[in-house]
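Same order as they appear, the protein sequences are chains A, B, C, D, E and F.
With our numbering, letter number 26 in the first sequence gets 77, and the count goes up by one each step, no holes.
With our numbering, letter number 57 in the second sequence gets 108, and the count goes up by one each step, no holes.
With our numbering, letter number 33 in the third sequence gets 84, and the count goes up by one each step, no holes.
With our numbering, letter number 134 in the fourth sequence gets 185, and the count goes up by one each step, no holes.
With our numbering, letter number 99 in the fifth sequence gets 150, and the count goes up by one each step, no holes.
With our numbering, letter number 58 in the sixth sequence gets 109, and the count goes up by one each step, no holes.
From the three backbone atoms N, C-alpha and C, an ideal C-beta is built for every residue, glycine too.
Since we're looking at a predicted model, the values are computed, not measured.
6 protein chains.
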Amino acid sequence: MAIVHLTRRERFNAAHKLWVEHWSEEKNREVFGKCSNSNWHGHNYDLYVTVKGTPDPETGFIMNVKELSKILKEKVIEKLDHSNLNLDVDFIPKGMQPTTENLVVLIWQEIEEDIAGFGARLHSVKLFETENIFAEYLGE
Amino acid sequence: MAIVHLTRRERFNAAHKLWVEHWSEEKNREVFGKCSNSNWHGHNYDLYVTVKGTPDPETGFIMNVKELSKILKEKVIEKLDHSNLNLDVDFIPKGMQPTTENLVVLIWQEIEEDIAGFGARLHSVKLFETENIFAEYLGE
Amino acid sequence: MAIVHLTRRERFNAAHKLWVEHWSEEKNREVFGKCSNSNWHGHNYDLYVTVKGTPDPETGFIMNVKELSKILKEKVIEKLDHSNLNLDVDFIPKGMQPTTENLVVLIWQEIEEDIAGFGARLHSVKLFETENIFAEYLGE
Amino acid sequence: MAIVHLTRRERFNAAHKLWVEHWSEEKNREVFGKCSNSNWHGHNYDLYVTVKGTPDPETGFIMNVKELSKILKEKVIEKLDHSNLNLDVDFIPKGMQPTTENLVVLIWQEIEEDIAGFGARLHSVKLFETENIFAEYLGE
Amino acid sequence: MAIVHLTRRERFNAAHKLWVEHWSEEKNREVFGKCSNSNWHGHNYDLYVTVKGTPDPETGFIMNVKELSKILKEKVIEKLDHSNLNLDVDFIPKGMQPTTENLVVLIWQEIEEDIAGFGARLHSVKLFETENIFAEYLGE
Amino acid sequence: MAIVHLTRRERFNAAHKLWVEHWSEEKNREVFGKCSNSNWHGHNYDLYVTVKGTPDPETGFIMNVKELSKILKEKVIEKLDHSNLNLDVDFIPKGMQPTTENLVVLIWQEIEEDIAGFGARLHSVKLFETENIFAEYLGE
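The following block contains the structure:
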């Protein structure tokens, strides 16, 4: 009974900034650099979600990738795509920095239960902010 | 004695379809969507195979990557490249769906022993079907 | 009045083979190699379509990229995606080899008029068959 | 005396939205879709600038790519990176839509003279907004 | 207290060859092939370094990616970029083959302590020599 | 009678440096920076060669891509791969800087006649030195 990992990529484009309200502008600038610019900046985010399980003997599927894609679109992409991550997204707490590190944990929490409903287990949420920076959460 | 992972990419182009013989056309269409089209479709597959071991003190090699590439070409690529995955490949059981999930397990079984013959251990078989979907098997 | 080029990528996955009916199997094999395998093979195709024109002073658009994408999906992608290029596509003449060189000319003819209907001119149809081979047609 | 093209890539991340002030919200939504969302969104932009000229017999350079990169950084990247394209950039006229089509023309105007100062000619400004959409301006 | 992985990519270009001094030319050629060519060859190396830890509640950072990038530049990139890996680098022992397998272990040793100084743990050093070959070290 | 462009990618890895013999070390350093380092550095080069012509009515080929690939391998890749571009390559004049600008012209001259022998015309030689820098020659 082999355990196989299956990964689906989805993409979204969003604006954000990094800014701690009770810090001075100087401290924000020192810690966050250009990421603290007041009028926002943005990224093309690449999201890779990995589930694991045993392939079904008839379909060869861990779970139907169409179902996985549907969960990601409804629970994550529709909320994040063309949004402002600091202002617009219900599952990002106000005041929490929208860093890739925080986003992968929040996205995990949004989708874990739905994936379990299809008999697979969520294994990894990985998010690229640029070609040079990405974060990954494994549920630990 | 450090354990290092070494990965080699190989590529192949193949046709396939997803279709369960004893299902109706309607059920096949409902589960597999366009992947059930009767006249086949195809993909450029990217295969990443990872082996692990301790680098040899003289060569700096876990195993010679030329040997790894040779195993992959003889045991996998020559059989899969420009083939029909449902019809042409001796190590894919007839009637088993040629999904990426099933393929990574089958490829693992084809190459595990040969790699062990060079003193390395097979760690991962990862297969990209498109830029958006891939499966990975870790031998568990 | 600057002339700007705008490019949209779309993708499709398809099966095909290269085979001249009135040639012997030997000659087909000699000219087309593995591409003549009888049970088909397939590719992930990347299609880049470029239009040109002057950006509208209000919208900044040469033509709305949503309209360009809609034309490509209706006239090209829905017909080619998950198809057999030798058997299934109405705008590929039976017996014409589905090479990338022929496909870019055929795709051009399918979309040129629709794009002109939006006030832009078709400039280029480029098609990648693999990361190593692509063809481009500029309408000349 | 061969004429050779030399291309340098630079990158920037920015926020923007598409919005015509004297249109209704409905019309903005109809034309620009999600790109009109009020709280901005953003992209990782990839900028490719091509110059042409004859390689110098001693250096083999059309122009020193360090000088080209310096021009791009000072005149373009420092102004656009981590900026809001609608609000922050001196060479983007207020009210002009920051579409890729408009941006390539504006960037051309910013750098053409500086490049000529090094004896090369500007040939192309190409800008990717996503992996699926890019614009190019050739100075015509 | 979620544990998140954060990865930063850096790049360098270097020359090297694979050659065991006390072997004959024939044996070097047999084992290393073209990689033993006497006048060197070279690569564009892509280095991915992954750290892990708990995101800070205020900054959302495991460690500031600017600090991670600074460590990589000072301890690794400045030494390896535009160097000869067999001759020029203080942390590569003379006579040790500069294979990707050996390099990932040596790079790990160069940076592990500095990363710990920022409260994060080094998780992985991954190095691409070409698009087809890469090695990874996980500290085990 | 459509004119279509067909492009083939090949790759090679090589060492080089930029250095003008009759200049001082200071001037070499000032002009070429790290590229003048005495012990060489290297790159993974990506070569794109484009030919043009009318697709053959029977084969759908401008020229058989296997023939194009064979010319590139024999005339270019076998000479450049795992070589030192300053020392080892017969078609690079001694003392000429192995910049991408010079290389695309030299490669053009090596292959133009052979391609004409197959009834196609050489259209472009494009060479990537890194993901950020490439040169192209169109034969003008």
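**OP:** Report the three-state DSSP secondary structure of V100/E (helix, strand or coil).
**Re:** strand
Subject >> F185/F classed as buried or exposed, judged by whether at least 16 other C-beta atoms fall within 10 angstroms >> reply: Counting every other CB atom within 10 Å of its CB across the protein chains shown gives F185/F a total of 16 or more, marking it as buried.
Original post:
Quick one: which chain D residues come within Cβ less than 7 Å of A186/F?
Top reply: V55, H56 and L57
Subject >> Cross-chain neighbours of K130/F in chain E, by beta carbon under 8 Å >> reply: The premise fails here: K130/F is roughly 12 Å from chain E at the closest Cβ pair, so nothing lies under 8 Å.
**OP:** Kindly list the residues whose CB is nearer than 7 Å to the CB of L59/B, restricted to its own chain and excluding five residues on each side of it in sequence; keep chain order.
**Re:** The identity of residue 59/B in the sequence shown is Arg, whereas the question assumes Leu. Closer than 7 Å at the Cβ level, and outside the excluded window around R59/B, lie V100, V116, L119, S120 and L123.
Original post:
Counting along the chain, where does the beta strand (DSSP E) carrying I184/B start and finish?
Top reply: I184 to Y188
Original post:
With contact counted as at least three CB pairs below 8 Å, one residue from each stretch, are the region 138–149 of chain F and the region 157–171 of chain C in contact?
Top reply: no
Original post:
Apart from the five residues just before and just after N88/C, which ones in its own chain have a Cβ nearer than 8 Å to its Cβ?
Top reply: K68
**OP:** Compute the distance between the beta-carbons of V156/B and A53/A, then report whether it is under 8 Å.
**Re:** yes
**OP:** Determine the contact status of V82/B and A171/B, defining contact as a CB-CB distance below 8 Å.
**Re:** Taking a C-beta distance under 8 Å as the contact criterion, V82/B and A171/B do not qualify as a contact pair.
Original post:
For N153/C, which three-state DSSP category applies?
Top reply: helix
**OP:** Kindly indicate which residue of W91/A, F112/A, H56/A and N79/A has the alpha-carbon position closest to the one of L138/D.
**Re:** W91/A
**OP:** Can you give me the Cβ contacts of T31/A inside the same chain, cut-off strictly under 7 Å, excluding the 5 residues immediately before and after it?
**Re:** What the structure shows of chain A is the stretch from 52 to 191, and residue 31/A is not part of that stretch, so it cannot be assessed.
**OP:** Would you identify the three-state DSSP class for N79/C, choosing helix, strand or coil?
**Re:** In the structure shown, N79/C sits in a helix (DSSP, three-state: H, G or I).
**OP:** Can you tell me which of the three DSSP states L131/C falls into?
**Re:** helix
Original post:
Any Cβ of chain C within less than 8 Å of the Cβ of G93/D?
Top reply: no
Original post:
Where does V140/E fall in DSSP's three states?
Top reply: coil
Original post:
Is S75/A buried or exposed, if buried means 16 or more other CB atoms sit within 10 Å of its CB?
Top reply: Counting Cβ neighbours within 10 Å, S75/A comes out exposed, since fewer than 16 surround it.
Original post:
Along chain F, which residues have their Cβ under 8 Å away from the Cβ of N137/C?
Top reply: The contacting residues do not exist; N137/C stays about 11 Å from chain F at best.
Original post:
Who are the Cβ neighbours of W159/B in its own chain at under 7 Å, not counting the five residues just before and after it?
Top reply: L173, V176, Y188 and G190
Original post:
Is any beta-carbon of chain F found at less than 8 Å from that of F14/D?
Top reply: Since the first and last residues shown for chain D are 52 and 191, residue 14/D lies out of range.
Original post:
Mind checking K78/C: buried by the 16 CB within 10 Å criterion, or exposed?
Top reply: Counting Cβ neighbours within 10 Å, K78/C comes out exposed, since fewer than 16 surround it.
Original post:
In its own chain, which residues sit with a C-beta less than 8 Å from the C-beta of V55/F, not counting the 5 before and 5 after it?
Top reply: K103, G104, T105, P106 and I113.
Original post:
Exposed or buried, which one is E72/F when buried takes at least 16 other CB atoms within 10 Å?
Top reply: E72/F should be labelled exposed.
**OP:** Using alpha carbons as the reference points, say which of L178/F, G84/F and G93/F lies closest to C86/E.
**Re:** G93/F
Original post:
How big is the Cα-Cα spacing for L178/A and R80/A?
Top reply: 24 Å
Original post:
Once you ignore the five residues that flank D141/D on each side, which residues in its own chain have a CB closer than 8 Å to its CB?
Top reply: K130
**OP:** Kindly give me the distance between the Cβ atoms of N64/E and N95/E, rounded to whole angstroms, as I take these residues to be in contact under 8 Å.
**Re:** Between N95/E and N64/E the Cβ distance is about 5 Å, and since that is below 8 Å, they are a contact.
Original post:
What do you reckon, are the CB atoms on E45/B and L57/A nearer than 8 Å?
Top reply: Coverage of chain B is limited to positions 52 through 191, which leaves residue 45/B absent and any answer about it impossible.
**OP:** Look at the alpha carbon of P108/A and the alpha carbon of L154/B, and state the distance between them as a whole number of angstroms.
**Re:** If you take the alpha carbons of P108/A and L154/B, they lie about 13 Å apart.
Subject >> DSSP bridge partner residues for H94/E (one or two, in chain order) >> reply: A65/E
**OP:** State yes or no: is the beta carbon of S120/F nearer than 8 Å to at least one beta carbon in chain E?
**Re:** no
**OP:** Report the residues of the region 58–92 of chain A with a CB closer than 7 Å to any CB of chain D, ordered along the chain.
**Re:** N64, A65, A66, K85, C86, N88, N90, W91 and H92
Subject >> Among I128/B, D97/B and G84/B, the one whose alpha carbon lies nearest that of W70/B >> reply: G84/B
Original post:
Opposite F179/C in the DSSP bridges: which residues?
Top reply: D97/C and F185/C
**OP:** Please look up how many angstroms separate the CB atoms of I128/A and E180/A, rounded, as I've assumed it's under 8 Å.
**Re:** Actually they are not in contact, since the Cβ atoms of I128/A and E180/A sit about 16 Å apart, beyond 8 Å.
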